[in-house]
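Here is the structure we will look at.
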């Protein structure tokens with residue numbers, strides 16, 4: 001489900017990081033307002049410099065929004081779940097760096113959609129395995145978001 005929402009936003013022109021958070025917000029009703037989602041803008045394209053994958057940072061931000069109730073230091077699950085996400089993304093994509101992932105997965109017609117899909121899949125799988133996957137929002141009257 002997350003993958004479909006994230007791709008919907010990516011196809012609307014949002015960057016990789018934005019797409020993961022906007023997608024999670026739509027899929028799981030995280031109650032993030034537009035300004036909160038704007039925080040993701042500078043994280044796309046590997047922090048705009050080809051460094052840490054924006055889709056990965058978006059996935060970790062969505063995870064944080066789901067499980068952190070007060071602050072990171074009060075959330076024992078955050079570090080191990082983040083480490084699992086990072087490890088699985090590294091395994092799937094061969095790197096954590098946009099400039100190393102993009103030459104392998106970028107397609108002119110889809111751009112970084114495969115990376116967005118992979119990171120969404122990893123986040124959903126990690127949440128499901130941890131018993132933390134939220135119930136999807138019922139959006140029967142909407143096509144994607």
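Numbering (UniProt numbering), first residue to last: 1 to 145.
For every residue, glycine included, the Cβ atom is placed at its ideal position computed from N, Cα and C.
Here the structure is a predicted model, which means the values were calculated and not measured.
- With respect to the 9 Å criterion, residue 36 and residue 18 are not classified as neighbours on the basis of their beta carbons.
- Sorting 39, 44, 49 by C-alpha distance to the C-alpha of residue 10 places 44 at the top.
- Residue 89 and residue 49 do not touch by the CB rule: their CB atoms are close to 18 Å apart, not below 8 Å.
- The way I'd put it, the stretch 70 to 79 doesn't touch the stretch 98 to 105; fewer than three beta-carbon pairs between them come closer than 8 Å.
- The C-beta distance from residue 32 to residue 120 rounds to 16 Å, too long to fall under 8 Å, and the pair is not in contact.
- Residue environment: residue 118 is assigned as buried (16 or more neighbouring CB atoms within 10 Å of its CB, all protein chains considered).
- Residue 107 carries a strand assignment under DSSP once its states are collapsed to helix, strand and coil.
- Within the DSSP secondary-structure output, residue 97 pairs in a beta bridge with 52.
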